[in-house]
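Here the structure is laid out as structure tokens; the discussion comes afterwards.
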């Protein structure tokens, strides 16, 4: 029997050996003084002058056209909570590595030390001029909602929050295929969401745009289901308007306790904490229950317990179980497509396009209870998602380019390094 690896110990050893996960490397070699005269002074002055005269040239004459910034304040790091910007750096380095490895994107980690919304936004605005886009990561709720909303309005480059749109897109792909496999209509399904943070609120909004009847969605926080006459409505309204908006649109029957929420439910989606889904709740659900227990590092219910309770399909956020709902399947390809098409923004419909292509890839491979989304080793999925995203940007007028999906697919494939 193969000895189980201690990934925590290995992570420390790797980090010490390699001194982090990323570095900057030149794109060309210097072989002579002539080369130096071209890439630096005096030659570089001509490049700077050209950009000064026409800022659009920066996309082709510098790394901007293939570079994004990953920005965080380390207040909501997955499984670790508020550990601050410095301790978040290894996670951001990991994101950068994944971006380069699977999307061919240069992603620069920039943890910043502030918990003030205005200060955070000003920092990002002031550095964004040299980036091709902004990836927000591991920021506490509801801070993350306001930051994303304002940066989308105020910046001239696309802005994306991976814990919102990335996680939601990967989840939507899984839901599309899970409901297809059990013969249910996702848009009419009764869905229970456990957790009312960034992931589930973003997923709710994306499901609404996808056409799901939000009245059939019950979303719960630590106090139970959200419904219009709950005694803390006014508090939620003033402290978290994003949560308040979904409270108004969801739970059309005003179910006020968790036990009743699961009666006749088709799907439960957890982005909460270990133990948040009880086996007896699954037993109350409709036939062939779909259970997405996606809390990390420990799911709301272990897959073996969920199956024992009657679940038909189970996903988690972990790589050591089948059906890992992983936003890493989404974000490298999203920005590959956005950068290649020079898209002006990323919105929820961008995420839906990515989710649909991710789901289609798995369908073509053949859906099973243990395979509703691809895994990270199936690298051919990334240029496909990138091409779909770029094509979507062109069709919706978010890009000034006119190339088709085949062009963007071949370009992404070349940059990512797939033959």
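Numbering (the numbering used here), first residue to last: 1 to 419.
Heads up, the beta-carbon is just placed ideally off N, CA and C, and yes, glycines get one too.
Nothing here was measured: the structure is a model prediction, and the numbers come from that model.
Backbone CA spacing between residue i and residue j [nearest angstrom]
i, j, result
"residue 344", "residue 280", "47 Å"
"residue 315", "residue 326", "10 Å"
"residue 210", "residue 352", "7 Å"
"residue 446", "residue 350", "With the chain running from 1 to 419 in the structure shown, residue 446 is simply not present."
"residue 409", "residue 392", "13 Å"
"residue 370", "residue 174", "11 Å"
"residue 360", "residue 179", "13 Å"
"residue 405", "residue 388", "7 Å"
"residue 26", "residue 61", "14 Å"
"residue 266", "residue 305", "18 Å"
"residue 205", "residue 143", "17 Å"
"residue 32", "residue 151", "44 Å"
"residue 1", "residue 321", "Because residue 1 carries a pLDDT of 49, less than 50, the predicted location of this residue cannot be relied on, and the following value inherits that uncertainty. Looking at the two C-alpha atoms, the distance is approximately 18 Å."
"residue 30", "residue 100", "23 Å"
"residue 348", "residue 188", "20 Å"
"residue 219", "residue 12", "38 Å"
"residue 278", "residue 201", "22 Å"
"residue 109", "residue 92", "5 Å"
"residue 40", "residue 51", "15 Å"
"residue 307", "residue 55", "57 Å"
"residue 414", "residue 105", "12 Å"
"residue 272", "residue 300", "7 Å"
"residue 71", "residue 186", "34 Å"
"residue 82", "residue 117", "16 Å"
"residue 239", "residue 222", "16 Å"
"residue 15", "residue 21", "7 Å"
"residue 436", "residue 65", "Any property of residue 436 remains undetermined from this structure, which presents the chain solely from 1 to 419."
Candidates the options, of which the one nearest residue i by Cα
i, options, result
"residue 329", "372, 182, 42", "372"
"residue 253", "314, 298, 214", "214"
"residue 158", "167, 245, 67", "67"
"residue 337", "194, 303, 278, 401", "401"
"residue 420", "41, 102, 89", "What is shown of the chain runs 1 to 419, which leaves residue 420 out entirely."
"residue 132", "69, 24, 301, 48", "69"
"residue 181", "287, 321, 297, 124", "287"
"residue 193", "183, 162, 177, 226", "226"
"residue 395", "95, 341, 413", "341"
"residue 84", "74, 32, 235", "74"
"residue 311", "318, 324, 322, 292", "292"
"residue 283", "300, 295, 262", "262"
"residue 319", "307, 399, 300, 294", "294"
"residue 23", "135, 90, 245, 166", "90"
"residue 198", "184, 163, 122", "163"
"residue 332", "362, 385, 65", "385"
"residue 377", "418, 414, 356, 397", "418"
"residue 243", "324, 146, 139, 356", "146"
"residue 136", "149, 230, 10", "149"
"residue 171", "358, 82, 399", "358"
"residue 196", "224, 183, 113", "224"
"residue 76", "161, 184, 232, 268", "161"
"residue 380", "249, 367, 399, 412", "412"
"residue 97", "339, 42, 18, 398", "18"
Opening and closing residue of the beta strand (DSSP E) in which residue i lies
i, result
"residue 262", "Residue 262 -> no beta strand (DSSP E), and no H or E assigned at all."
"residue 301", "Per DSSP, residue 301 belongs to no beta strand (DSSP E) and is neither H nor E."
"residue 193", "191 to 194"
"residue 159", "159 to 161"
"residue 221", "217 to 221"
Cross-strand partners of residue i (DSSP beta bridge)
i, result
"residue 293", "270, 316"
"residue 324", "316"
"residue 371", "368"
"residue 224", "221"
Residue span of the alpha helix (DSSP H) that contains residue i, given as start and end
i, result
"residue 70", "Where residue 70 is concerned, there is no enclosing alpha helix (DSSP H), although the beta strand (DSSP E) it sits in stretches over 67 to 72."
"residue 337", "331 to 341"
"residue 174", "167 to 182"
"residue 246", "241 to 249"
"residue 281", "279 to 283"
"residue 209", "198 to 210"
"residue 391", "381 to 395"
"residue 49", "44 to 53"
"residue 33", "33 to 39"
"residue 423", "There is no way to answer for residue 423, as the model of the chain reaches only from 1 to 419."
"residue 404", "It is not in any alpha helix (DSSP H) - residue 404 carries neither H nor E in the DSSP assignment."
"residue 59", "58 to 61"
Mind listing, in chain order, the continuous beta strand (DSSP E) runs of no fewer than 3 residues lying wholly within the segment 78 to 146?
106 to 111, 134 to 136
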